[in-house]
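Q:
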Amino acid sequence: MSAQNDADVIIVGAGVSGAMVAEGLAKKGVKVLVLESGPLQDRQQAVDDFRASPVRVPEAAYPDVSYAPRAGTVNPADYYVQKGWGFRSNYERRVGGATWHWLGTALRFVPNDFRMKTEFGHGADWPITYNELEPWYGKAEDAIGVSGEDTPLLGSPRSTPYPMPPIPLSYMDKVFKKGAATIGLTVNSTPQARNSVERDGRPACCGNSSCVPICPIGAKYDGTVHVKKAQAAGATFIPSAVVVNVQVQPGTATVTYRPSGGDPITITSHTVVIAASAIEAAKLMLMSKSDQQPEGLGNASDMVGRFLMDHPVQLAWGVLPQRTYPYRGPGSTSGIDEVRDGAFRSQYSAFRPEVHNDGWTYMMGDPTQQVATWAQKNDIGTAGFADFTDQILRQALIASCVEQEPLATNRVTLATEADAIGVPRPAITYEMGEYTTNGSKAARTLHLRVLQTLGATGVQQNPIDNFQGAGHNIGTTRMGNDPKTSVVDKNLRVHGTRNCFVVGTSPMVTSGTANPTLTVAALALRAVEPIRKSLTEG
Amino acid sequence: MSTAPPQPSESPDPTGRRLTRRTFVATAALGTVSLYLVGCGTGDSSSTATPSSTQVADFVTVSRILTGVSELPTAPAAAYLTALEAAGLQLSPNAFVATAFGTEGAPESMSDLERMGATKMPGADECMRAIAGAWWSGMVSAKGGATTVVAFSDALVFTKVHEFTQCYGTTGSWGAPGEKAT
Chain A
3 MSAQNDADVI IVGAGVSGAM VAEGLAKKGV KVLVLESGPL QDRQQAVDDF
53 RASPVRVPEA AYPDVSYAPR AGTVNPADYY VQKGWGFRSN YERRVGGATW
103 HWLGTALRFV PNDFRMKTEF GHGADWPITY NELEPWYGKA EDAIGVSGED
153 TPLLGSPRST PYPMPPIPLS YMDKVFKKGA ATIGLTVNST PQARNSVERD
203 GRPACCGNSS CVPICPIGAK YDGTVHVKKA QAAGATFIPS AVVVNVQVQP
253 GTATVTYRPS GGDPITITSH TVVIAASAIE AAKLMLMSKS DQQPEGLGNA
303 SDMVGRFLMD HPVQLAWGVL PQRTYPYRGP GSTSGIDEVR DGAFRSQYSA
353 FRPEVHNDGW TYMMGDPTQQ VATWAQKNDI GTAGFADFTD QILRQALIAS
403 CVEQEPLATN RVTLATEADA IGVPRPAITY EMGEYTTNGS KAARTLHLRV
453 LQTLGATGVQ QNPIDNFQGA GHNIGTTRMG NDPKTSVVDK NLRVHGTRNC
503 FVVGTSPMVT SGTANPTLTV AALALRAVEP IRKSLTEG
Chain B
-9 MSTAPPQPSE SPDPTGRRLT RRTFVATAAL GTVSLYLVGC GTGDSSSTAT
41 PSSTQVADFV TVSRILTGVS ELPTAPAAAY LTALEAAGLQ LSPNAFVATA
91 FGTEGAPESM SDLERMGATK MPGADECMRA IAGAWWSGMV SAKGGATTVV
141 AFSDALVFTK VHEFTQCYGT TGSWGAPGEK AT
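Chains as they are written, first to last, in my numbering: chain A, 3 to 540; chain B, -9 to 172.
(1) Consult DSSP for Val511 (chain A) and reduce its assignment to one of helix, strand or coil.
(2) Name, going along the chain, the residues of the stretch 103 to 130 of chain B whose beta-carbon falls closer than 7 Å to a beta-carbon of chain A.
(3) Taking Cβ-Cβ distances below 8 Å as the criterion, which residues of the stretch 206 to 233 of chain A are in contact with chain B?
(4) If distances are taken between C-alpha atoms only, which option among A:Pro261, A:Gly40, A:Gln371 and A:Gly307 comes closest to Ala145 (chain B)?
(5) Taking buried to mean at least 16 other C-beta atoms within 10 Å of its own C-beta, is Lys110 (chain B) buried or exposed?
(6) Taking the straight line between their C-alpha atoms, what separation do you get for Leu553 (chain A) and Pro465 (chain A)?
(7) What separation, rounded to the nearest whole angstrom, lies between the Cα atoms of Gln80 (chain B) and Phe86 (chain B)?
(8) Look up Arg1 (chain A) in the DSSP assignment and give the residues it is bridged to.
(9) According to a CB-to-CB cut-off of less than 8 Å, which residues of the stretch 149 to 162 of chain B neighbour chain A?
(10) On the DSSP bridge list, what partners appear for Tyr432 (chain A)?
(11) Under the rule that 16 or more other beta-carbon atoms within 10 Å means buried, what is Leu155 (chain A), buried or exposed?
(12) From Trp126 (chain B) to Thr64 (chain B), what does the alpha carbon distance come to, in whole angstroms?
(13) Answer with buried or exposed for Cys30 (chain B), where buried requires no fewer than 16 other C-beta atoms within 10 angstroms of its C-beta.
(14) Buried or exposed for Thr439 (chain A), please, with buried defined as at least 16 other CB atoms from any protein chain shown within 10 angstroms of its CB.
(15) Of the choices A:Arg528, A:Glu539 and A:Asp392, whose alpha-carbon is the least far from that of Glu134 (chain A)?
(16) Can you look up Arg54 (chain B) in the DSSP assignment and give me helix, strand or coil?
(17) Output needed in chain order: residues of the stretch 41 to 67 of chain B with a Cβ under 8 Å from some Cβ in chain A.
(18) From the DSSP output, read off the bridge partner residues of Phe239 (chain A).
(19) Below 9 Å on C-beta distance, what does Val87 (chain B) contact in chain A?
(20) Secondary structure at Val23 (chain B), three-state DSSP: helix, strand or coil?
(21) Per DSSP, Gln462 (chain A) forms a beta bridge with which residues?
(22) Could you check whether Leu56 (chain B) and Met106 (chain B) sit closer than 9 Å to each other, using their CB atoms as the reference points?
(23) Which parts of the stretch 301 to 347 of chain A are runs of the beta strand (DSSP E), unbroken and 3 residues or longer, counting only runs that do not cross its ends?
(24) Taking C-beta pairs closer than 7 Å, name the residues in chain A that Ala145 (chain B) reaches, listed in chain order.
(25) Give me the Cα-Cα distance between Ala206 (chain A) and Gly471 (chain A), rounded to the nearest whole angstrom.
(26) With a 10 Å radius around its C-beta and 16 neighbouring C-beta atoms as the bar for buried, classify Pro163 (chain A) as buried or exposed.
(27) Which same chain residues, not among the five before or five after Ala516 (chain A), have their C-beta less than 7 Å away from its C-beta?
(28) Which chain A residues are close to Phe91 (chain B), counting only those with a beta carbon under 7 Å from its beta carbon?
(29) Taking 9 Å as the threshold (C-beta atoms), are Gln324 (chain A) and Gly361 (chain A) in contact?
(30) What is the rounded straight-line gap between the Cα of Ala73 (chain A) and the Cα of Pro428 (chain A)?
(31) Return the chain-ordered list of same chain residues with a C-beta closer than 8 Å to the C-beta of Ala18 (chain B), the five sequence neighbours on each side being excluded.
(32) How far does the beta strand (DSSP E) with Ile267 (chain A) in it extend, from its first residue to its last?
(33) Excluding the 5 residues flanking Asp166 (chain A) on each side, which residues of the same chain have their C-beta closer than 8 Å to its C-beta?
(34) With a cut-off of 8 Å on the beta carbons, I'd call Phe116 (chain A) and Trp104 (chain A) a contact; round off their distance for me.
(35) Name, please, each residue of chain B whose Cβ falls closer than 9 Å to the Cβ of Ser172 (chain A).
(36) Which chain A residues are close to Glu169 (chain B), counting only those with a beta carbon under 7 Å from its beta carbon?
This is how it looks when you write it as structure tokens:
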């Protein structure tokens, strides 16, 4: 370690993974500096902004900032330069990251998600196994606080109990559970990073029903939990610091950032950890060119930016015969796990149908938007709004996150177009691929069976090529043993370097059917010790 | 079921503020008031004169018919009327209401609105839907322009479904059937 450096370790990005690594290192006495491109976020301000927004998409609670733009839900092409089908998911650039508006689902991957190539001939194998990551899953569940039911039906063996009892099923879940059982399917409680009891200084969930985009009371975990823990352990955070270049040489990392997009400042550390979203991480590494890194950081094999994945979402919705009282409790509290794994994965991708408690919000907007639309097209007055009320209390939605096969052609590159401060925007080439398309078809078939079993009427589904994004940006700095086909090794160290690491969703090799955050947290905790050791490796 | 938060549990906030369920409810209520002010201040300044108390009262009377709700939360009424007047509707809500009252006093039903000729006025259908939609959604959309959130908690739809960003009740209380926490 050099006494002249500004820090032992600079971390780029203050989302879940960056904050967890920061806390872990700071607790070991490492001098940590975290640079976050976006601003600090006040929780109450997010609530106020959400309520005052006429279009309550996930980012409605988080106004864009010119120096750290990100894609919007309605028109991602405002930021992404789209090629192919168009990438539908976005993220947040602010302290705490995208967990501000995540749903909170905290499923583990299933073991076969780590060996897709070997077992099914699709995608790739991870350089680590489920069993290697399993203890870290347990630590991650403890760290972020997961409420769950220990059942083999989830398909992920575990050596430790869930830290909290499960979030109880909603009335909607119970109706689905009873109906699905008649066709041989089981509706399980979903593990969630949401307190079912008061824990770790955070209250139990009281059903604000606004998990996406903001939990007003902090019962749902978000990255700011570990930002505070890291600060308490001695880490320093600098918000609104847009990192535009990272140069890595043995024993020294040189990081250049622009405060609020202004004049650049260059600082140094021994080790650097890139903890940005999959898209921003790839963008930054591709931008970081020099004589020593002519293709960008870690990009000697042209692998940075490749294998971008999401969970293309298939939705099916209808009106149930009886009132099920949606719009209460967390957005989703249960799902069907039988289709997350099986021999069928040699033919088509897996998926996890989730029962939603938030009615038709996903497609039609929240109830205020729905009733505004109703008033324009349907009868008004006493009878008209009685019809609306009856319908909204019988709404049902089942939605599947479909596994995305990693394709080398799905990639992030640098666009010629720049953002407001002159930084290249991400150009994204993206399509679903045949394997994933077939998985979506299977999801549609199952959704119809379930809704028909429940007696739903007016059932609709989104067209396969008009899927919704899940907000799960995965891949772009693949983990692997071979530098020719991957960017980081199994300890998340960039190939060819000793002092540069990448954490977050970007090293993930496959997408599975689980929301990535719990796996991200497990990988981040596992990476702390290798990162610390790098400080003594020159 | 109970909407009363059992304990004022604290949660962390990255800016260092400490939030409790109790303070959240209090500040959320303040936010609602400010939304009314936002609604009053938007739109074409030439048509955003503060409505008289009589205009507001008559607007509420007609709104009861159009919304099908007899007990309207009157606090945002002036803001709704102001925003609707600024929305660029073909038929002014004040003009619609004035016609509905005519010389016979307060209308009490859709039939009264029809009998007074209000529903036959050019642009009446659009105007009636805009008024009803505003009360139910809390929002007013300017013709060909932006949508303004005038009220949130007072949107009528939240008398039928749970108002999100507010506690519903104890953990798991949503497991029982029911429209609203009581």
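Virtual Cβ for every residue (Gly too), placed ideally from N, Cα, C.
A: On the basis of the data shown:
(1) coil
(2) Met118, Arg119, Ala122, Gly123, Trp126, Ser127, Gly128 and Met129
(3) Ala206, Cys207, Cys208, Gly209, Asn210, Ser211, Ser212, Ile216, Pro218, Ile219, Gly220, Ala221, Thr226, Val227, Val229 and Lys230
(4) Measuring from the Cα of Ala145 (chain B), the nearest candidate turns out to be A:Gln371.
(5) exposed
(6) Residue 553 (chain A) lies beyond the stretch modelled for chain A, which goes from 3 to 540, so this question has no answer here.
(7) Answer to the nearest angstrom: the Cα atoms are 11 Å apart.
(8) For chain A, the structure presents residues 3 to 540; residue 1 (chain A) sits outside this window and is missing.
(9) Lys150, Val151, His152, Phe154, Thr155, Gln156, Cys157, Tyr158, Gly159, Thr160, Thr161 and Gly162
(10) A:Gly86
(11) exposed
(12) 13 Å
(13) Per-residue confidence for Cys30 (chain B) stands at a pLDDT of 36, beneath the threshold of 50, marking its modelled position as unreliable; the derived number appears in the next sentence. Cys30 (chain B) is buried by the Cβ-count criterion.
(14) buried
(15) Cα-wise, what sits closest to Glu134 (chain A) is A:Arg528.
(16) helix
(17) Ile55, Leu56, Thr57, Gly58 and Val59
(18) A:Val36
(19) Chain A residues near Val87 (chain B): none, gap ~16 Å exceeds 9 Å.
(20) Note on Val23 (chain B): pLDDT 36, under 50, position unreliable in the model; no value is reported.
(21) A:Trp319
(22) For Met106 (chain B) and Leu56 (chain B), no; Cβs fall outside 9 Å.
(23) 315 to 321 and 334 to 338
(24) Thr370
(25) Taking the straight line from one Cα to the other gives about 29 Å.
(26) Pro163 (chain A) is exposed by the Cβ-count criterion.
(27) Leu109, Arg110 and Phe111
(28) Result: empty, since nearest Cβ-Cβ is about 18 Å, beyond 7 Å.
(29) Going by C-beta atoms, Gly361 (chain A) is not nearer than 9 Å to Gln324 (chain A).
(30) 10 Å
(31) Note that Ala18 (chain B) has pLDDT 35, beneath the 50 cutoff, so the model's placement of it is unreliable and no number is given.
(32) Ile267 to Ile276
(33) It should be pointed out that residue 166 (chain A) corresponds to Met in this sequence rather than to Asp. Here the set comprises Gly147, Val148, Ser149, Gly150, Asn197, Ser198, Val199 and Arg201.
(34) The Cβ separation is near 23 Å, so there is no contact.
(35) Gly162, Trp164 and Gly165
(36) Tyr327 and Leu395
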